[in-house]
Amino acid sequence: MQIEKTVSGVRSQVKKWKKEGLSVGLVPTMGYLHEGHQSLIDRAVEENDRVVVSIFVNPIQFGPTEDLATYPRDLEADCILCKRAGAALVFAPEVSEMYAEDFSTFVDTSQVTEELCGKSRPTHFRGVCTVVSKLFHIASPDRAYFGQKDAQQLAVIRRMVRDLNIDIEIVGCPIIREADGLAKSSRNTYLSPEERKAALVLSKAIFTGKAMVETGEKDGEKVLGAMRNIIEAEPLARIDYVEMVHWDTIQPHHRIDGPILTAIAVYIGNTRLIDNFLYE
Ligand code: PAF
187 MQIEKTVSGV
197 RSQVKKWKKE
207 GLSVGLVPTM
217 GYLHEGHQSL
227 IDRAVEENDR
237 VVVSIFVNPI
247 QFGPTEDLAT
257 YPRDLEADCI
267 LCKRAGAALV
277 FAPEVSEMYA
287 EDFSTFVDTS
297 QVTEELCGKS
307 RPTHFRGVCT
317 VVSKLFHIAS
327 PDRAYFGQKD
337 AQQLAVIRRM
347 VRDLNIDIEI
357 VGCPIIREAD
367 GLAKSSRNTY
377 LSPEERKAAL
387 VLSKAIFTGK
397 AMVETGEKDG
407 EKVLGAMRNI
417 IEAEPLARID
427 YVEMVHWDTI
437 QPHHRIDGPI
447 LTAIAVYIGN
457 TRLIDNFLYE
């Protein structure tokens, strides 16, 4: 497996593969890889001749008070996981390789970024869309793989790809959970043992809401109320949002009569965790 730090290095390798008629899958990540990322790489390996994994903690998607400085990093372990999973190339650039000092061009998606995480993280999706479009231009993949855990991110990237006529298939992959239900996340490492236990209110709320919807509840307010009650019973938990949106528009929609995303963001201590379920 090749490890590349430069844009030109990735481009020349991908050009060679394309000349040979090989298909390319891209798995964009911020590193500190876990089984959730592994499932994306596995799927990409199944569906493409060559797989590129990008590992880049993208500074422009973090707000000024967020965890950019402390975001966990372990490039060595990440490369071992990528190699074992069958990736052909890891792209791990420095910030200076991705952003010139006078970098001044951004990709901004509206509407689908207004609600959920967009409310409390107003510049986040601009940073995500900008870096993801850069990665698309650098790796020229046929397909790119994103986790359903960041459901709004998946919707935003699909919208960007549609609106800008980007010729890349976006593949959404299911949420991977710990045995006790907690959705896998690099940020779970921030949790103390007590917080780790408390964090189970997220998956408990999600499973409860999902069961209500799947057994025929049509009133979104009732579902959201039941989910809020579960979270509010945990003293270490503080709700950022518990919301139901239409999956196409990502606008609030409290009647279960179409494809619905129910998403939550909850602080456990200082750690902000997200989870969701999709009903189609
Ligand atoms: O989901 C992530 O890890 C990041 O938001 C992404 C898509 C790699 C962009 O930095």
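Start counting the sequence shown at 187; every next residue gets the next number (my numbering).
Built from N, CA and C at the ideal position, the CB exists for glycine as well.
- request: Would you grab the beta carbon distance between A263 and V237 for me? Rounded to a whole angstrom, and I think it's under 8 Å.
  value: Your numbering for residue 263 matches position 77 in the sequence shown. Your numbering for residue 237 matches position 51 in the sequence shown. A263 to V237, Cβ: 18 Å. No contact.
field: Reference D461, options K202, K370, G304 and C268, closest by Cα
entry: The sequence position of residue 461 within the sequence shown is 275, counting from 1. Of K202, K370, G304 and C268, the residue nearest in Cα terms is K370.
- prompt: Can you list, in chain order, every residue whose CB sits closer than 6 Å to a heavy atom of the ligand PAF?
  reply: Residues flagged by the Cβ proximity filter: P214, T215, M216, N244, Q247, V314, V317, V318, D336 and Q339.
- request: Compute the distance between the beta-carbons of Q437 and V431, then report whether it is under 9 Å.
  value: The residue you call residue 437 lines up with position 251 of the sequence shown. The residue you call residue 431 lines up with position 245 of the sequence shown. Yes, these two residues count as a Cβ contact at 9 Å.
- request: Please name the residue, chosen from L368, S198, T394 and V317, that lies closest to P214 on a Cα-to-Cα basis.
  value: Mapped onto the sequence shown, residue 214 falls at position 28. Selected option, being the one with the closest Cα: V317.
query: DSSP state of F176, grouped into three classes?
result: Coverage of the chain is limited to positions 187 through 466, which leaves residue 176 absent and any answer about it impossible.
query: Taking contact to mean at least 3 C-beta pairs separated by less than 8 Å, is the segment 401 to 417 in contact with the segment 371 to 378?
result: These segments do not touch.
- request: Taking all protein chains shown into account, decide if Y218 is buried (16 or more other Cβ within 10 angstroms of its Cβ) or exposed.
  value: The sequence position of residue 218 within the sequence shown is 32, counting from 1. The residue is buried, with at least 16 neighbouring Cβ atoms inside 10 Å.
- request: Count the CB pairs spanning the segment 304 to 319 and the segment 234 to 254 that are closer than 8 Å, and state whether there are at least three.
  value: Segment contact: the segment 304 to 319 against the segment 234 to 254, three or more CB-CB distances shorter than 8 Å; contact assigned.
- prompt: With C-beta atoms as the reference, is V357 less than 9 Å away from F332?
  reply: Numbered from its first residue, the sequence shown carries residue 357 at position 171. Numbered from its first residue, the sequence shown carries residue 332 at position 146. Result yes, Cβ atoms of V357 and F332 sit closer than 9 Å.
task: Following the continuous beta strand (DSSP E) through M430, name the residue where it begins and the one where it ends.
output: The count along the sequence shown starts at 1 and reaches residue 430 at position 244. That run of the beta strand (DSSP E) goes A423 to H432.
- prompt: Is L340 buried or exposed, if buried means 16 or more other CB atoms sit within 10 Å of its CB?
  reply: Within the sequence shown, residue 340 is the residue found at index 154, counting from 1. Per the 10 Å Cβ criterion, buried.
- prompt: For E190, does the count of other Cβ atoms within 10 angstroms reach 16, so buried, or fall short, so exposed?
  reply: Here residue 190 corresponds to residue number 4 of the sequence shown, with the count starting at 1. E190 comes out buried.
task: Report the partner residues of F242 according to the DSSP bridge assignment.
output: For this step, residue 242 is matched to residue 56 along the sequence shown. Note: F242 sits in no beta bridge, so no partner.
- request: Check each candidate in D288, F322, L321 and D336 and name the one with the smallest Cα separation from L302.
  value: For this step, residue 302 is matched to residue 116 along the sequence shown. Answer by Cα proximity: D336.
message: Can you tell me which residues form a DSSP beta bridge with C359?
response: By one-based count along the sequence shown, residue 359 stands at place 173. The partner list for C359 (beta bridge, DSSP) reads G333.
- prompt: DSSP puts Q188 in a beta bridge; with which residues?
  reply: The residue given as residue 188 occupies position 2 in the sequence shown. Paired residues: L275.
message: To test your reading of the DSSP string, which unbroken alpha helix (DSSP H) runs of 4 or more residues are found completely within the segment 261 to 329?
response: Restricting attention to alpha helix (DSSP H) runs no shorter than 4 residues, the segment 261 to 329 encloses them at 261 to 271, 281 to 284, 303 to 306 and 310 to 325, ordered along the chain.
message: Rounding to the nearest angstrom, what Cα-Cα distance links A391 and A449 in this structure?
response: On the sequence shown, position 205 is the one that residue 391 refers to. On the sequence shown, position 263 is the one that residue 449 refers to. Looking at the two C-alpha atoms, the distance is approximately 10 Å.
- request: Look at the Cβ atom of G222, then the Cβ atom of I362, and state whether they are nearer than 9 Å.
  value: Locating residue 222 in the sequence shown gives position 36, counting from the first residue. Locating residue 362 in the sequence shown gives position 176, counting from the first residue. Going by C-beta atoms, G222 is nearer than 9 Å to I362.
Classification of R345 by the beta-carbon crowding that lies within 10 angstroms, buried from 16 upward: Counting from 1 along the sequence shown, the entry for residue 345 is found at position 159. It is buried - the Cβ of R345 has at least 16 other Cβ atoms within 10 Å.
- prompt: Among I417, V200 and L350, which residue has its Cα nearest to the Cα of V239?
  reply: Indexing the sequence shown from 1 puts residue 239 at position 53. Taking only the C-alpha atoms, the option nearest V239 is V200.
message: Just to confirm, is the Cβ distance from I446 to L464 under 9 Å?
response: What you label residue 446 is simply residue 260 of the sequence shown in a count that begins at 1. What you label residue 464 is simply residue 278 of the sequence shown in a count that begins at 1. Yes. Within cutoff.
task: Throw me the rounded Cβ distance for the E283 and V193 pair, which I believe falls under 8 Å.
output: Reading the sequence shown from its first residue, position 97 is the one you call residue 283. Reading the sequence shown from its first residue, position 7 is the one you call residue 193. Confirmed, about 6 Å.
query: So, are the CB atoms of V342 and T401 less than 9 Å apart?
result: If you number the sequence shown from 1, residue 342 lands on position 156. If you number the sequence shown from 1, residue 401 lands on position 215. Taking C-beta atoms as the reference points, V342 and T401 fail to come closer than 9 Å.
task: Specify, as a first and last residue, the run of the alpha helix (DSSP H) that P379 falls within.
output: Translated into the one-based positions of the sequence shown, residue 379 becomes position 193. It spans P379 to A384 - the alpha helix (DSSP H) in which P379 sits, taken as one unbroken run.
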